[in-house]
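Numbering (this note's numbering), first residue to last: 5 to 443. All C-beta atoms in this analysis are idealised placements derived from N, C-alpha and C, irrespective of residue type, glycine included.
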């Protein structure tokens with residue numbers, strides 16, 4: 005077992021020399037620099053130490069106190085792996101499954117995601133975070149994947165939408181760095197959150213509330229925490245995010261790690277996930293001439309007088325959206341198919357036509373399809389033959405194209421021109437003398 009060398013900003017001269025030797029050896033090991041490093045003063049030691057922590061693959065530890073995290077960043081501590089280094093094959097980042105950070109139940113639960121390893125058996129993780137357009141933003145390390153994702157989601161709900169992760173059976177910094185470096189090479193270099201200083205600090209540090217005075221720090225931080233919590237709710241997150249009160253007093257915001265769930269809560273979550281899997285169906289949409297698989301998760305099926313009302317979550321290419329759909333029985337009973345198949349036919353068409361799945365708050369323009377809450381009869385009225393052709397695939401036969409009589413139609417037969425503003429004189433002329441005066 006090799007011993008660790010530690011040097012902090014407040015170290016003595018001997019520790020100062022140790023930090024310099026550690027940095028030199030690390031640069032030599034990773035091919036960055038082999039010349040001796042000279043450190044002058046505590047501030048320079050701190051800057052060098054931060055570089056060391058990045059080279060050594062310092063882990064994001066969301067359960068660690070703020071002061072402890074700060075010490076981890078400002079120290080030049082490098083702990084060599086105490087267990088034998090393993091060299092498993094490094095997966096390509098492109099081959100890992102892209103999963104949403106927030107699942108369909110509104111939880112951050114990476115262990116339940118598609119294509120994930122057995123999270124409980126992994127001792128460490130290398131993960132990549134993606135924005136809403138599925139662009140890689142940051143690559144990080146973790147011992148506790150769920151809480152690391154929670155921490156970063158809380159800091160940057162505008163940037164943290166999806167993730168890919170690779171678990172390792174042991175805590176081995178060399179192996180973790182090898183995975184990260186391989187991913188850097190695969191994507192053409194570090195992503196913005198690792199490369200750019202400002203972006204890196206926003207991922208790795210608590211959120212600065214921007215208070216301009218000592219007195220206003222707490223109020224500013226509380227307001228910032230409220231804004232972040234509202235953003236998380238708007239994203240569909242149902243987990244509780246509690247701000248760290250100690251950090252609020254310092255004018256910054258970070259959220260506490262999730263509490264450990266009881267056995268009953270774990271059992272209930274497992275049952276909910278299994279129910280969600282059973283209630284999820286797959287379908288195919290033709291997008292830009294290519295068949296694309298998407299899933300529809302049915303969270304509610306409520307019988308109505310005319311059929312069924314569904315609450316669904318639609319997922320395509322890692323992006324999820326929630327909708328309410330009303331299906332009339334005339335779309336499924338005559339053809340002996342499930343009402344769910346009608347829903348899937350509707351979304352096959354809407355996704356293929358690239359109808360936006362997110363609409364702005366407030367009244368919709370008449371030219372915007374109400375995709376958040378619609379009926380299948382609306383789909384047929386808007387898209388006519390295209391929807392009937394899509395539904396025909398589900399029922400295995402062509403649908404009658406002469407179905408317009410089912411819907412109310414209001415056609416203008418005569419054009420009387422614009423509405424005129426009449427006055428008494430014009431009324432006298434149009435309707436007879438003296439009438440205008442009587443008015």
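Do residue i and residue j have their C-beta atoms within less than 7 Å of each other?
i, j, result
"residue 359", "residue 380", "no"
"residue 129", "residue 146", "yes"
"residue 105", "residue 183", "no"
"residue 236", "residue 114", "no"
"residue 303", "residue 319", "no"
"residue 210", "residue 257", "yes"
"residue 221", "residue 215", "yes"
"residue 240", "residue 290", "no"
"residue 280", "residue 301", "yes"
"residue 151", "residue 262", "yes"
"residue 287", "residue 244", "no"
"residue 213", "residue 255", "yes"
"residue 207", "residue 143", "no"
Between residue i and residue j, how many whole angstroms is the CB-CB distance? I'm expecting something under 8 Å.
i, j, result
"residue 259", "residue 154", "7 Å"
"residue 332", "residue 311", "5 Å"
"residue 133", "residue 164", "5 Å"
"residue 197", "residue 204", "6 Å"
"residue 354", "residue 375", "7 Å"
"residue 111", "residue 242", "7 Å"
"residue 285", "residue 344", "6 Å"
"residue 124", "residue 149", "No, residue 124 and residue 149 are not in contact; Cβ-Cβ is about 10 Å, not under 8 Å."
"residue 321", "residue 138", "7 Å"
Can you name, in chain order, every residue of its own chain whose Cβ lies under 6 Å from the Cβ of residue i, other than the five neighbours on each side?
i, result
"residue 48", "Model confidence at residue 48 stands at a pLDDT of 43, short of 50, so the residue's coordinates are unreliable; what they give is reported in the following sentence. Around residue 48: no qualifying Cβ."
"residue 383", "350 and 391"
"residue 70", "Bear in mind that the predicted position of residue 70 carries a pLDDT of just 48, short of 50, making it unreliable; the figure below should be weighed with that in mind. Only 251 meet the Cβ criterion."
"residue 324", "104 and 317"
"residue 73", "Bear in mind that a pLDDT of 46 at residue 73, under 50, signals an unreliable position, so the number given afterwards is only what the model happens to contain. No residues qualify anywhere along the chain."
"residue 101", "118 and 119"
"residue 339", "399"
"residue 248", "258 and 260"
"residue 335", "346 and 380"
"residue 330", "313 and 379"
What does DSSP give as the partner residue(s) for residue i in the beta ladder?
i, result
"residue 323", "320"
"residue 180", "Partner(s): none; residue 180 has no beta bridge."
"residue 249", "None, per the DSSP bridge assignment."
"residue 166", "104 and 134"
"residue 263", "In the DSSP output, where bridge partners are listed per residue, residue 263 has none listed."
"residue 328", "315 and 377"
"residue 211", "257"
"residue 172", "128"
Could you give the residue range of the beta strand (DSSP E) that holds residue i?
i, result
"residue 124", "Run containing residue 124: none; DSSP gives neither H nor E here."
"residue 141", "140-146"
"residue 294", "294-307"
"residue 351", "Premise fails: residue 351 lies in the alpha helix (DSSP H), 343-356, not in any beta strand (DSSP E)."
"residue 285", "284-291"
"residue 96", "Residue 96 -> no beta strand (DSSP E), and no H or E assigned at all."
"residue 379", "377-379"
Please work out which residues of its chain come closer than 8 Å, Cβ to Cβ, to residue i, disregarding the five sequence neighbours upstream and downstream, and give them in chain order.
i, result
"residue 87", "Its pLDDT being 40, under 50, residue 87 is placed unreliably by the model, and the measurement read from it follows with that caveat. 174, 175 and 176."
"residue 341", "398 and 399"
"residue 283", "301, 302 and 303"
"residue 227", "213"
Quick check on the DSSP output: the alpha helix (DSSP H) that includes residue i runs from which residue to which?
i, result
"residue 236", "221-238"
"residue 199", "196-199"
"residue 333", "First-last for residue 333: undefined, no H or E at that position."
"residue 397", "389-399"
"residue 156", "149-159"
Who are the near neighbours of residue i in its chain, counting only those whose CB is closer than 7 Å to its CB and skipping five residues on each side?
i, result
"residue 305", "312 and 314"
"residue 180", "61, 128, 130, 145 and 172"
"residue 396", "402 and 403"
"residue 135", "141, 163 and 165"
"residue 96", "190"
"residue 373", "359 and 386"
"residue 297", "286 and 288"
"residue 430", "none"
"residue 233", "245"
Determine whether the Cβ of residue i lies closer than 7 Å to any Cβ atom of chain B.
i, result
"residue 103", "No chain B appears in this structure, which consists of one protein chain only."
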